[in-house]
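The block underneath contains the structure these notes are about, expressed in C-alpha cells.
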DNA sequence: TAATGCTGACTGACCAGTCAGTCATAAAGA
DNA sequence: TCTTTATGACTGACTGGTCAGTCAGCATTA
C-alpha cells in the first residue's frame with residue numbers, strides 16, 4: 001500500500017530530476033524526450049504515463065522552483081527584524097541557490113520569451129511576479145509603518161528592488177567572472193535603503 | 001549600375017523586415033523559413049541567396065538593434081551636461097524605442113538562454129554588456145571627476161544602473177499595465193543618483 | 001489468470017536547406 | 001531591326017533527418 005501510492009511520486013521525482021539535467025544542458029527546444037528517458041533510467045513510454053507531454057515537464061519544474069523562492073520570501077514578511085536585515089537574509093538565501101539557479105534561469109529566459117507570445121505562459125509569470133512584488137511591497141510598508149523607511153511609494157520601491165534583482169542576476173549570468181553576485185546585490189540594496197532611510 | 005549594386009541591400013532589408021515580423025510573432029524556434037519567405041514576398045530559395053541560414057537572420061537583426069542602442073549611449077558620453085541629464089536623455093530615447101523593443105526583446109531572451117549554453121552566443125552578449133557597462137562606467141567617472149557624484153565604485157554603480165534597466169524592462173514586459181516604464185525608470189535613476197550626489 | 005507497470009520500435013508531421021529549372025532582360029551577332 | 005545566346009535573379013517541389021507521441025506486447029506480481 002505504502003509502496004503502491006509512493007511509486008507514482010517517486011517516478012515523477014525521478015523523471016523531473018532527469019528533465020532538470022537534460023533541460024539545463026540542452027535548453028527546452030533542443031532537449032529530446034529520448035534523452036530525458038535515458039537520463040531517468042526509464043523508457044520514453046514511461047514518461048507519458050506520468051506526464052502528459054514535454055511542456056508539462058518544464059512547467060512543473062519551473063513552478064516548483066519559483067514557488068520555493070516565493071515561499072522563502074513569504075516567511076520573511078512574517079519574521080521579526082528590520083526590512084534591511086530581512087532583505088539581506090533573502091539575498092544570502094538566494095546566494096545559496098545560485099548554482100541551481102544557473103541551471104534553471106536559462107529555462108526561465110526561454111519561457112519569458114514564450115510568455116510574451118502565449119497567453120497561458122504569460123499568466124503564469126504575471127502571477128509569479130505579481131506575488132513577488134506584493135510581498136516586497138508589504139515588507140516596505142512595514143518599514144514605513146515602523147519608522148525605518150521614509151514615506152515613499154512602496155510599489156515603486158518594490159519594482160526597483162525586484163527589477164535590480166532580476167537584472168543584476170542576468171548580467172551576472174552573462175559573465176560570472178566580472179563581479180560577485182552577493183556583494184553586488186548587497187551593495188545595491190544598501191544604496192537603495194540608505195536613500196530611503198529616515 | 002546604381003540599381004544593380006543597390007539590389008542586394010534592398011533585398012536584405014526586405015528579408016530582415018519580414019524576419020522581424022515573423023520572429024516577433026512566433027519566436028525564433030517556432031518561426032519557419034517558409035513564413036519569412038512569404039512575408040518578404042520572395043521565395044524560400046531567395047532567402048538563401050542573401051543569408052546563409054536561419055541563424056544568420058536573427059543574429060543580424062539583434063546585432064543591428066543592440067548596436068543602435070549602444071551607439072546612442074556612446075554619443076551621450078561625449079556630450080555636455082550632467083550625468084543625471086544625460087542618463088535621463090538616455091531613458092527618454094529608449095522610451096521612444098519601447099514599441100520596437102517589445103518585438104525584439106523576446107528574441108533577446110531566447111538568445112540569453114542560448115548564450116548560457118553556447119560559446120559563440122555567449123561571446124556576443126558578453127561583448128555587448130561589457131561595452132554597455134564600460135560606457136556607463138566612463139560616464140560615472142566623469143560625474144565623480146566633475147564633483148557631481150560622491151567618490152564611489154564606478155563599476156558597481158554602472159552594474160546597478162544597467163541591471164535596473166534590464167530588470168525593470170523585464171518586469172514591465174511581463175505586464176505593461178502595472179506601471180509606466182518611463183516614470184519608473186526615471187524615479188529609479190533619481191533615487192540612485194540622489195544617493196550618490198555630493 | 002488478471003492486473004499493473006513498463007518497454008521501445010514505430011509513425012506521421014514537420015521543416016531547414018537544396019537544386020534543377022524558369023523567365024526577364026541584356027549583349028552579341030546577322 | 002530582328003534573332004540568338006547568355007546571364008543572373010528567382011522559384012518551389014523535394015529530400016533527408018528529426019522527434020513528440022503512440023501502442024502492441026512483455027514481465028512481474030498478486
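Protein chains in written order, with the numbering used here: chain A, 1 to 198; chain B, 1 to 198.
Quick reminder that beta carbons are idealized off the backbone N, C-alpha and C, glycines included.
Beta-bridge partners of residue i, as assigned by DSSP
i, result
"residue 197 of chain B", "B:149"
Buried versus exposed call for residue i [16 or more other C-beta atoms within 10 Å across all chains shown]
i, result
"residue 184 of chain B", "buried"
"residue 52 of chain B", "exposed"
"residue 163 of chain A", "buried"
"residue 154 of chain B", "buried"
"residue 157 of chain A", "buried"
"residue 86 of chain B", "buried"
"residue 110 of chain B", "buried"
"residue 198 of chain A", "exposed"
"residue 71 of chain B", "exposed"
"residue 24 of chain A", "buried"
"residue 195 of chain A", "buried"
"residue 120 of chain B", "exposed"
"residue 4 of chain A", "In this predicted model, residue 4 of chain A has a pLDDT of only 41, less than 50, meaning its place in the structure is not dependable enough to derive any value."
"residue 40 of chain A", "buried"
"residue 13 of chain B", "exposed"
"residue 127 of chain A", "exposed"
Check whether residue i and residue j have beta carbons under 8 Å apart
i, j, result
"residue 27 of chain B", "residue 117 of chain A", "yes"
"residue 36 of chain B", "residue 55 of chain B", "no"
"residue 189 of chain B", "residue 188 of chain A", "no"
"residue 166 of chain A", "residue 170 of chain B", "yes"
"residue 83 of chain B", "residue 143 of chain B", "yes"
"residue 66 of chain A", "residue 16 of chain A", "no"
"residue 113 of chain B", "residue 125 of chain B", "no"
"residue 129 of chain A", "residue 174 of chain B", "yes"
"residue 105 of chain B", "residue 186 of chain B", "no"
"residue 91 of chain A", "residue 182 of chain A", "yes"
"residue 58 of chain B", "residue 135 of chain B", "no"
At a cut of 8 Å, does the stretch 27 to 36 of chain B reach the stretch 85 to 97 of chain B through at least three beta carbon pairs?
no
Any chance the stretch 42 to 51 of chain B sits against the stretch 138 to 150 of chain A, with 3 or more Cβ pairs inside 8 Å?
no
Report yes or no: do the stretch 75 to 91 of chain B and the stretch 65 to 84 of chain A share at least 3 C-beta pairs separated by less than 8 Å?
no
Inside the stretch 110 to 139 of chain A only - beta strand (DSSP E) runs reaching at least 3 residues
none
If you scan the stretch 44 to 92 of chain B from start to end, which runs of the alpha helix (DSSP H) of 4 or more residues do you find wholly inside it?
44 to 50, 54 to 77
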